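Report on the structure given below.
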Amino acid sequence: KGELIMDSPNNNIALTAFRNYCDTVLRTVYNIVHSYSEAEDITQEVFLKLHENPQNFESETHLKAWLLRSAINRAKNYHKSFRVKMVSPIDETNENCFAQDFAPEENELLEKVRNLPAKYSIVIYLYYYEGYSVKEIADMIGKSKNTVNSQLQRGREKLKMEIEEEKVYESKRLHSFNE
Numbered sequence: 025k026g027e028l029i030m031d032s033p034n035n036n037i038a039l040t041a042f043r044n045y046c047d048t049v050l051r052t053v054y055n056i057v058h059s060y061s062e063a064e065d066i067t068q069e070v071f072l073k074l075h076e077n078p079q080n081f082e083s084e085t086h087l088k089a090w091l092l093r094s095a096i097n098r099a100k101n102y103h104k105s106f107r108v109k110m111v112s113p114i115d116e117t118n119e120n121c122f123a124q125d126f127a128p129e130e131n132e133l134l135e136k137v138r139n140l141p142a143k144y145s146i147v148i149y150l151y152y153y154e155g156y157s158v159k160e161i162a163d164m165i166g167k168s169k170n171t172v173n174s175q176l177q178r179g180r181e182k183l184k185m186e187i188e189e190e191k192v193y194e195s196k197r198l199h200s201f202n203e
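Just so you know, we're using this note's numbering here: the sequence shown kicks off at 25 and counts up by one.
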């Protein structure tokens with residue numbers, strides 16, 4: 025294994041990481057906090073932490089996993105913060121900035137994923153939208169592969185139930201409308 029050493033002045037690890045992984049970190053955080061401005065702030069904090077305390081990583085994969093784990097932990101802490109509990113959200117013009125990447129049906133599904141409990145939402149998002157393997161997700165969030173597999177399965181079940189309930193509701197609504 026070769027170490028990814030970036031401690032020379034011309035090779036700033038935080039800048040390199042930012043260029044390569046900013047969008048991935050931002051999307052992942054946004055999926056957890058549901059606020060674009062808060063996601064930007066948390067993303068900035070993650071890269072600033074790396075800039076202030078540069079580290080050597082075994083590989084690009086290790087760097088990416090560290091960034092995502094740090095971002096996920098900060099996003100979870102954000103939900104526990106006093107500020108979140110005391111401040112009501114406002115509409116933001118950038119709130120749907122990521123919605124442009126997907127078709128309307130995909131945006132509806134992504135919104136359903138975001139509304140799942142965090143433990144399911146995070147693993148489903150990382151697995152299906154970011155393309156990480158179960159092992160990579162387990163390493164990022166500090167859980168076993170079996171736990172991640174269970175969370176994926178339960179998250180999919182919850183998503184399926186929600187979609188089926190919505191179909192039943194739509195069917196009843198259309199039926200009553202046509203009478």
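C-beta atoms are modelled at their ideal positions from N, C-alpha and C, and glycine is treated no differently.
Given the structure is predicted, the values throughout are model-derived calculations rather than measurements.
Beta carbon proximity, residue i to chain C, threshold 9 Å
i: residue 161; result: Going by chain labels, chain C is absent from the structure shown, which holds only one protein chain.
CA-to-CA distance, residue j to residue i, given in whole angstroms
i: residue 154; j: residue 186; result: 22 Å
i: residue 167; j: residue 59; result: 26 Å
i: residue 164; j: residue 146; result: 11 Å
i: residue 94; j: residue 173; result: 21 Å
i: residue 144; j: residue 64; result: 22 Å
i: residue 160; j: residue 85; result: 9 Å
i: residue 169; j: residue 158; result: 6 Å
i: residue 142; j: residue 56; result: 7 Å
i: residue 101; j: residue 171; result: 21 Å
i: residue 152; j: residue 188; result: 20 Å
i: residue 176; j: residue 104; result: 23 Å
i: residue 78; j: residue 192; result: 53 Å
i: residue 140; j: residue 68; result: 25 Å
i: residue 134; j: residue 47; result: 17 Å
Cβ shell of residue i (< 6 Å), same chain only, five flanking positions each side left out
i: residue 71; result: 38 and 42
i: residue 89; result: 163 and 164
i: residue 148; result: 137 and 179
i: residue 156; result: 150
Contact set for residue i: own chain, Cβ-Cβ below 7 Å, skip 5 residues either direction
i: residue 91; result: 41, 45, 49 and 70
i: residue 74; result: 37, 38 and 41
i: residue 182; result: 140 and 144
For residue i, three-class secondary structure by DSSP
i: residue 139; result: coil
i: residue 157; result: coil
i: residue 59; result: coil
i: residue 179; result: helix
i: residue 174; result: helix
i: residue 168; result: coil
i: residue 36; result: coil
Contacting residues, own chain, Cβ-Cβ under 8 Å from residue i (five flanking each side not counted)
i: residue 66; result: 53, 57, 95, 98, 99 and 102
i: residue 76; result: none
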